[in-house]
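Notes to accompany the following structure.
Dropping the structure here:
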């Protein structure tokens with residue numbers, strides 16, 4: 005892996021009010037350097053919002069006109085500290101972001117969403133190279149080779165010149181992973197990237213992602229306790245209203261774990277209990 | 002493969018033409034049975050003769066109309082697309098100008114065409130302006146809708162990739178809005194000759210609209226029909242060119 009110096013990230017004093025309703029207040033959590041941190045919780049609890057704060061993405065959607073939105077106000081009181089403040093119409097949000105290497109996070113993160121977000125008019129290869137296109141980096145043969153190499157490593161070399169509509173949903177999400185890897189950033193933010201896949205494809209993708217994302221600082225948002233157990237070096241559970249965060253849960257062994265391993269059974273029970281999921285009907 | 006494509010083409014053309022042929026036959030029938038005089042309703046055969054015998058006249062009158070349509074259409078596309086971009090990126094323009102622009106569309110172009118002749122003269126300028134007033138709005142609105150409705154998750158992705166405003170527009174919003182723009186342009190292309198003719202009706206010394214008005218005054222209804230057919234052909238030609246061009250652009254985007 006090329007990136008060995010992925011920073012740790014501390015998000016603190018995060019608060020979010022949506023339509024006068026407090027979703028969370030004074031939350032803090034740390035993404036361990038070079039590790040996968042899973043944020044597990046039911047939908048609507050504000051997991052995605054925490055990810056979007058880290059990525060400085062708009063919180064309340066982009067409104068009617070998608071191309072023109074109010075960006076987050078970003079303050080830098082200290083060199084190692086970033087205060088993000090959103091004041092969109094219904095959303096008031098504050099958070100502090102620190103990185104362990106004191107460098108800003110901006111421009112050092114890659115984002116993988118729930119859907120593949122491949123542009124339908126571009127070939128898979130061009131989609132993988134989208135970041136360079138958007139940053140006006142001239143297209144060079146070495147970059148094409150690099151992109152082809154990444155596509156090969158996710159098993160899509162033969163489909164490089166196909167348009168996304170010719171691919172299955174699993175292949176599309178592997179394409180999205182290839183595009184994320186092409187960005188070659190130390191920090192990866194993943195918002196339920198495998199939730200739209202069928203169980204078999206999802207399992208494959210989890211294994212592949214754990215292998216490809218070694219040494220990177222990863223935030224993986226999920227509502228699937230088994231996914232968290234397979235992939236997370238550490239797991240936080242976000243639940244309640246206003247939401248609060250559990251202490252970090254650190255299962256034994258290295259991801260991708262075999263969730264049928266007996267050593268994980270108590271962790272499965274713990275996660276289900278913390279999510280208030282009843283295990284049997286009685 | 003090739004033969005079956007030719008077959009398909011012939012069958013599809015047949016399907017398109019069949020109702021037209023039927024209408025023409027009924028038309029001829031009515032004229033013959035009712036013994037209608039040609040200054041009320043000329044028989045299709047008479048229109049055909051007029052069409053064939055007056056090719057130089059019709060061509061010379063179609064030329065200015067075609068010129069007005071094409072220039073008007075081109076300018077409408079330029080103004081319309083610029084308008085859409087301005088409304089997309091400038092909130093003040095959107096809040097202050099867009100409502101009055103929509104209200105202005107309630108005003109029929111026909112009603113202000115005489116004014117345009119007063120302001121822009123008897124020549125081609127007033128016709129080009131008429132075409133523009135008719136066409137730029139559908140171009141603006143379809144393109145604007147296409148731009149603002151781009152998938153916001155693509156824009157999120159672009160933002161994390163450090164895209165600039167320009168590159169997000171050029172590589173994401175613009176290609177995404179192309180199909181919407183294409184429907185606006187198709188609409189505009191088929192309306193352009195209509196705009197030119199409306200301008201010519203109000204006051205002109207040449208063009209298909211002028212020819213129609215003149216023929217009408219002399220009860221040469223067959224010539225009116227001949228001019229109409231040229232007008233239809235012009236509209237279809239513009240539509241075809243724009244449609245093909247946009248399909249090509251969508252394919253290579």
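Chains as they are written, first to last, in my numbering: chain C, 5 to 286; chain A, 2 to 254. All C-beta atoms in this analysis are idealised placements derived from N, C-alpha and C, irrespective of residue type, glycine included. The structure displayed is predicted, hence computed values, not measured ones.
With respect to the C-alpha of residue 124(A), the residue from 236(A), 4(A), 203(A) having the closest C-alpha is 203(A). In the DSSP assignment, residue 32(C) falls within the unbroken beta strand (DSSP E) covering 25–35.
Note on geometry: alpha-carbon atoms of residue 175(C) and residue 169(C) lie some 10 Å from one another. For residue 254(A), a Cβ of chain C is located within less than 8 Å of the residue's own Cβ.
In chain order, 162, 163, 164, 165, 168 make up the part of chain A whose C-beta sits under 9 Å from the C-beta of residue 139(C). Taking 8 Å as the upper bound on Cβ-Cβ separation, chain A lies near residues 187, 193 of the region 169–197 of chain C. Residues 180 of the same chain have their beta carbon placed closer than 7 Å to that of residue 121(C), with the five preceding and five following residues left out of the count. Secondary-structure assignment with DSSP links residue 131(C) through no beta bridge to anything. Within the region 114–130 of chain C, contact with chain A at the beta-carbon level (separation under 8 Å) is assigned to 114, 115, 117, 119, 121, 123, 125. Bounds of the alpha helix (DSSP H) holding residue 85(A) are 56–90. Of all alpha-carbon atoms in 73(A), 23(A), 192(A), 172(A), the one lying nearest the alpha-carbon of residue 124(C) is that of 172(A). Residue 62(C) and residue 216(C) have their C-alpha atoms spaced approximately 28 Å apart.
An exposed status is given to residue 15(A), since fewer than 16 other beta-carbon atoms sit within 10 Å of its beta-carbon. Non-local C-beta neighbours of residue 146(A) in its own chain, meaning closer than 6 Å and more than five positions away in sequence, comprise 181, ordered along the chain.
Fully contained in the region 108–154 of chain C are the following beta strand (DSSP E) runs of length 3 or more, in chain order: 113–116.
Under the three-state reduction of DSSP output, residue 88(C) falls in the strand class. According to the DSSP secondary-structure assignment, residue 194(C) is paired through a beta bridge with 116(C), 224(C).
Burial state of residue 159(C) is exposed, judged by a 10 Å Cβ sphere holding fewer than 16 other Cβ atoms. Going by DSSP, residue 98(C) is part of the beta strand (DSSP E) stretching over 95–103.
Within its own chain, the residues whose Cβ lies closer than 7 Å to the Cβ of residue 250(C), once the five positions on either side in sequence are excluded, are 240, 241, 278, listed in chain order. The region 75–90 of chain A and the region 137–152 of chain A touch, with no fewer than 3 CB-CB distances between them shorter than 8 Å. Residue pairing by DSSP places residue 16(C) opposite 100(C) in a beta bridge.
Flagged as an interface residue toward chain C: residue 159(A), by a C-beta distance shorter than 8 Å. Non-local beta-carbon contacts of residue 227(A) in its own chain, meaning distances under 8 Å to residues more than five positions away in sequence, involve 48, 51, 52, 55, 59 in chain order.
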